[in-house]
Structure formats: structure tokens, C-alpha cells
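This report refers to the structure that appears directly beneath it.
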Amino acid sequence: MEHQQQVDFSAVSIDGGFWKEKQDMVRDVSLMAVYNRFAETGRFEALKLKGIDGQPDTPHIFWDSDVAKWIESAAYVLQKHPNPKLEQLVDEMVADIAGSQMEDGYFQSHFQRVEPENRWTRRGDHELYCAGHLMEAAVAYYHATGKDAFLKIVCRMADHIEKVFVKEGSAKFHSPGHEEIELALVRLYHCTGEKRYLELSQYFVNMRGTQEDQTSSYDWCNSMYFQAHLPVRKQEAAEGHAVRAVYLYNAMARLALETEDEELLTASQKIFSNIAQKRMYITGGIGSSHVGEAFTVDYHLPNLTAYTESCAALGLALFAQQMTRIDGDSLYADVAERAIYNGFLSSISLDGKAFFYENPLEIDPMLHRKDASVDQGKERFPIMQRKEVFECSCCPPNITRFIASIGNFLYTYQDETVYIHQYMENTTAFQGSAGPVQLVQRTGYPYDGKIIISVNGIQRLALRIPGWCKNWTVTVDEEAVTAPVHRGYALLLLDGNPHQVTLELAMKVQLIAANPKVQQDAGRVAVMRGPLIYCLEGVDNGNYLRDLRLERWGDWNLGWDDRLKVQTLECVGWHRKQQPNAPLYAPLEDDLEPISLKWIPYFSFANRGETEMIVWVQVR
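In C-alpha cells form, the structure reads like this:
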């Protein structure tokens, strides 16, 4: 199976611009903010099979995964910025895990401390999920430091899992209730060269949907919730718990590549198309319902009650990245970009200290406080203001590990062609198919569409032309060239020598309409410029945002918000005259009056206190 090779983030230095600020924030603020809250809540003590004073002494079933993702985040930071104190913290955690790991290789803090008799009995209780994240953390830490103690721990764990599930068949279920280990085992295979880990990943994917083993602590779980309603090669639509789903689909795509499984590839393509065309929010968020944190049906995309978990947007971006390597269509990188800049990036506060679990497309503070049907009992999750950590804190360390490794999304290569999928300032050097390659990007992206790319060692360069861009130009050494576009990539023939390539993407403000089948967005538009979706907040535009109307052909001006440090958009809109003591209902009148509207990037909402927010507005 033909495919592109990914350029690992370790070869990419994000050395300026938008994403350097985000990575510096994770390194200097977010990483320790999450660490401190995890320490306060006992997550690290749980590795020793202990509790701490003032905290519940029962480790949660998924706490190990929270810690693992934090370690993985630390490993990615250490890869670029050695820090002995940070490394020592990780080493101490590794030692705690080693001291708690059982003789047979099993480790899971909850089941070892609370109910050891129930090991491998309940599918939905995250044993394999936690094991997978520990494997990914161990591989990352090994690559960052060369230390193999953690790697040896997870290899013993993987060997135990293989014994219980494959060789003995003593486990009470056949595939994970929460997918993740399938991806981790592939990474472990590449790190160790042990093919049995790849085969174990195949086993879990192939068994899904073939056995009725829905044992779980949650009565409302069913086979569709677990993506087990059909064997994976027969699935054509995204179903069930959104995070679990995209982790599975990512694994399917990865195994299709590793094993040249055309049926898996076809299923992955069909599912991706279903998400992108029918079940994805304009922000790149996925998961329409709080009930089961799940996909629902095609075109059901409510805004006020949107679930759109942060981890789900992250998982979609990773799925898209994997599909890019196999299929090579710019659609996948377009979706990844949309999810990264909007549905994912909104998950973290601008100061890096607080996080969202869910990312709605509309906020009404009064309804969220008073109407239980809006939040459906999910009071543990922040919705109007981000929190430092919350009961189910899978998202904060997922966010930090993703930002720290964002360089993974930039480049791939195949034969003599180097592909640029995402645009951000960086300096990169790697060994390509035809020899050493150097690239340097300088750009003000995502606010500016001009990208200056210095290249050396490249025979053929493929530049993604984003789906949102209608007009673009490219020059080589300041001379305009005509570049044919194939599957969304402009192709440049070079000679391997140093050149300066300049790509200019016209960033015109666009009003985006939803498919008429999306009932919640009928008669409304969203505002987009470049890769960014914009929104309105009450703090800038007053209350009753749903009543605003946008001028279809109005003029737009660029601005800058010094407090948020984001580029803004300004235009004239319309609203009805606000009359005190107005009747509940009255004949329609021509009482619209102009109002100046200020739009901010969606990722920056909820950073200035509780206020209304809306993405989709009426159009006049």
C-alpha cells in the first residue's frame, strides 16, 4: 500500500509565531498547573496504591491514564527542552509504578487497591485504556531520554495482556471498552521491533463487533456505544462515544497502513467521510449529545447543548492525520486544521491555566445555570468558564501532550515529494527518501496567509491549498510560477538546491451556511477567515445575541484585542430596538437599527468572565 512517511515532531523546531507561544505556554505554565492539581487530588499517590489526607482513598478507574498523558506531555517537552527537575518527577513516577506492578505484569491502581478480584471482568472500566496510555507515555519518555525502565514496565504489561486475552482467553471480554491500546501497541511495536505487539493490536481491532461482551459498570452502555455493533470492516458511520470512536478509527487507519489491509482502509474512508460531511461541527468538534457523550444521527448538530469534548476534537485531528498518510487528499489536512485551530484550541484558556471538557457553540449563562435540560446534569464539567482540573480530567493532559507534539502535523514525504500539510513557523531538518531535507517556514498564520518557505534538498514540493482558500499565488525565488493542483496540493518541481518559495493564501472573510438538513443553523451563518471560525460574545456586543442580524454583503475590518491578544473582525450588524416593558408578542415591525459588531476567534471565547457567546447568527 502506497503511503507517505511522517516527519516526526522531534525533527521540527517550532521557533516563532503563533504555535511557539502555545508551546511555551504549555512548557512554562500548563504542564505544572496540571501536575499540581493532579498532586492535590491524589492521582500520583495512587501509583503507589495509596491515598492522601483529605482526599478520597479510592483511585478512579481511569486515573492512571491521566497520569500517563501527563508523563507523555512531559516527555515531549523534555525532547526539546531538557529539564533535570522535570525528568526527576517522571523518574519518581516510573519508580512508583515499578514498585506497584504485580509479578505477572499487571498494573492498574484502581483494581489493585479496591477490587483485585475483578481484574479483566468489566469491559467498560478502562483497564486496557489506561494500559494503552501508559505504553504511549513509556515510548515517548524512552525517545526523549533514552531511559528504558518505563519501557520495560509496559512491555511486561503488554505481555501479560497478550497472555490473558489471546493465549489463555481468561479475560471476561474480548476487546477494550475504551479504545486506545490499539494505537499504543503499534507504537510499542515500532519502538521495540516486537511484532507480537502489532498482532495484539490487530487482535483487538478484529475482535470488535464479533462477541457479545458488553460487561460494564454503566447500565446504559450498549454495543453501539462501544463501536461494537458491527465488525469494524462493516462499519460505515461514526457511532457511539465520540472519543472512543475516533481512537478506534485512527487505529483502523494505522493498521490498514501497517498491514496493507484494503478492507480496513475502505471502512476508514467511509467513516471519515460520514464524520466530515454529516456529523462534524463547523469548529471541527464532534459528538452531538451529552447522553453517552456520543454521535447521534446525520446532521444533528445542536449548538447550545453541543457536547464536543476536547479529547474528541483531538482524536479527530489524529484520525485525519493518519488518513493523510494513506489517502493523500487535502480533505484530511483541512479537517485536521479545522479541529486544531477551533474545536481543540478552544479547550485551553489563553493563559494556559484552565481547561474545557466540552466546547459548545453557544452559551446562555442564564439557561446554563437554571435549565437542567441544557447541561443534562453534567455539573462536574465546566461550560461557561474553564477550570484548572475537574473530576473527569482526561482533557487537560491530552491538550498539553497534543500542543507539545503539534509538529507531527506539518510534513510527510514519499519518494522525491515533500508535502506541507500545515503552516506555522518552524525550522526542520530530516532524512528524506532522496537525502537530507531542510525547510524553514516564516509566517503570521493563522492571521496572515503569506508563508515564506526556504527549502533545500527537495526535488518536488507539494503545498496544501486549504479548502477555504479561493485565490492563491506561489513564487519561487520571487518569480511567479504556475503550479498544477492535484488532490488539493500545488505541486512544484525543484532541483534539490536552495530556494525560497512564497505561498500567499487570500484570507477573505467568508459567511458559511450549513446544509439545510442542519435544522439548528437554518437561516444562520457562521463567520470564517482563513482557518479560524469567529464568534460573538456579550461582553463586546451586548445581550440577546440570537436576535442579531448580519449584513450579507457588508464590509469587514481587521482589528486587534490587546487583552486577548487575538485578531478581531469588525462589521455592521442589525438588531431590534430594545424597548423596556415590551410585550411578550407583538406584530412584526421594521424596527431594526445598526450596531457595530466585534468578532473574536472561537478559540478565545470564555476568557473574560461569564457572558453570552454565539457562533451561528441570523443573516439579513
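Taking my numbering, I'd label the letters of the sequence shown as residues 25 to 644. For glycine and all other residues, C-beta sits at the position ideal for the given N, C-alpha and C.
Backbone secondary structure at residue i - three-state DSSP
{"i": "residue 319", "result": "coil"}
{"i": "residue 523", "result": "strand"}
{"i": "residue 402", "result": "Only weak support exists for where residue 402 lies, its pLDDT of 46 falling under 50; the coordinates are left without a value."}
{"i": "residue 98", "result": "helix"}
{"i": "residue 26", "result": "coil"}
{"i": "residue 496", "result": "strand"}
{"i": "residue 622", "result": "strand"}
{"i": "residue 348", "result": "helix"}
{"i": "residue 44", "result": "helix"}
{"i": "residue 595", "result": "strand"}
{"i": "residue 392", "result": "helix"}
{"i": "residue 340", "result": "helix"}
{"i": "residue 335", "result": "helix"}
{"i": "residue 441", "result": "strand"}
{"i": "residue 411", "result": "strand"}
{"i": "residue 387", "result": "strand"}
{"i": "residue 300", "result": "helix"}
{"i": "residue 121", "result": "helix"}
{"i": "residue 232", "result": "coil"}
{"i": "residue 627", "result": "helix"}
{"i": "residue 576", "result": "coil"}
{"i": "residue 310", "result": "strand"}
{"i": "residue 37", "result": "strand"}
Cutoff 7 Å; reference residue i; Cβ partners in own chain excluding five residues on either side
{"i": "residue 585", "result": "592 and 624"}
{"i": "residue 71", "result": "91, 117, 120, 121, 124 and 133"}
{"i": "residue 30", "result": "349, 432 and 436"}
{"i": "residue 73", "result": "124, 133, 136 and 137"}
{"i": "residue 265", "result": "249, 316, 317 and 318"}
{"i": "residue 234", "result": "255"}
Classification of residue i by the beta-carbon crowding that lies within 10 angstroms, buried from 16 upward
{"i": "residue 510", "result": "exposed"}
{"i": "residue 151", "result": "buried"}
{"i": "residue 551", "result": "buried"}
{"i": "residue 348", "result": "buried"}
{"i": "residue 408", "result": "buried"}
{"i": "residue 576", "result": "exposed"}
{"i": "residue 608", "result": "exposed"}
{"i": "residue 399", "result": "Confidence in residue 399 is poor, its pLDDT being 49 and thus under 50, which makes the residue's placement too unreliable to answer from."}
{"i": "residue 83", "result": "buried"}
{"i": "residue 211", "result": "buried"}
{"i": "residue 648", "result": "The structure shown does not extend to residue 648, since the chain spans only 25 to 644, so no value can be given for it."}
{"i": "residue 540", "result": "exposed"}
{"i": "residue 432", "result": "buried"}
8 Å Cβ shell around residue i - same chain, five flanking residues per side excluded
{"i": "residue 402", "result": "With a pLDDT of 46 at residue 402, under the threshold of 50, the modelled position of this residue cannot be trusted; read the value that follows with caution. If we look at residue 402 and ignore the five residues flanking it on each side, its Cβ neighbours are 314 and 382."}
{"i": "residue 291", "result": "256, 257, 258, 259, 260 and 276"}
{"i": "residue 157", "result": "88, 89, 92, 93, 96, 204 and 208"}
{"i": "residue 39", "result": "449, 450 and 451"}
{"i": "residue 516", "result": "484, 485, 486, 487, 498, 500, 505, 507 and 525"}
Beta strand (DSSP E) segment containing residue i, residue limits
{"i": "residue 211", "result": "Not the beta strand (DSSP E): residue 211 falls in the alpha helix (DSSP H), residues 205 to 216."}
{"i": "residue 464", "result": "459 to 467"}
{"i": "residue 169", "result": "Element bounds for residue 169: not the beta strand (DSSP E) but the alpha helix (DSSP H), 151 to 169."}
{"i": "residue 581", "result": "581 to 585"}
{"i": "residue 551", "result": "548 to 553"}
{"i": "residue 542", "result": "Run containing residue 542: none; DSSP gives neither H nor E here."}
Those residues which DSSP pairs with residue i across a bridge
{"i": "residue 273", "result": "The partner list for residue 273 (beta bridge, DSSP) is empty, contrary to what the question assumes."}
{"i": "residue 291", "result": "Partner(s): none; residue 291 has no beta bridge."}
{"i": "residue 179", "result": "None; residue 179 has no bridge partner."}
{"i": "residue 478", "result": "464 and 524"}
{"i": "residue 699", "result": "Residue 699 lies beyond the residue range present for the chain, which begins at 25 and ends at 644; the question has no answer from this structure."}
{"i": "residue 453", "result": "462"}
{"i": "residue 69", "result": "In DSSP, residue 69 forms no bridge with anything."}
{"i": "residue 113", "result": "Note: residue 113 sits in no beta bridge, so no partner."}
{"i": "residue 435", "result": "444"}
{"i": "residue 186", "result": "DSSP lists no partner for residue 186."}
{"i": "residue 637", "result": "387 and 561"}
{"i": "residue 510", "result": "513"}
{"i": "residue 616", "result": "600"}
{"i": "residue 588", "result": "Its beta-bridge partners do not exist; DSSP assigns none."}
Bounding residues of the alpha helix (DSSP H) (the contiguous stretch that carries residue i)
{"i": "residue 421", "result": "419 to 428"}
{"i": "residue 60", "result": "55 to 64"}
{"i": "residue 534", "result": "No alpha helix (DSSP H) contains residue 534, which is instead part of the beta strand (DSSP E) from 534 to 536."}
{"i": "residue 135", "result": "133 to 137"}
Chain-order list of residues whose beta-carbon lies under 6 Å from that of residue i (same chain, five-residue window excluded)
{"i": "residue 203", "result": "268, 271 and 272"}
{"i": "residue 299", "result": "262"}
Cutoff 8 Å: residue i Cβ touching any chain C Cβ
{"i": "residue 26", "result": "This model lacks chain C altogether; it includes just one protein chain."}
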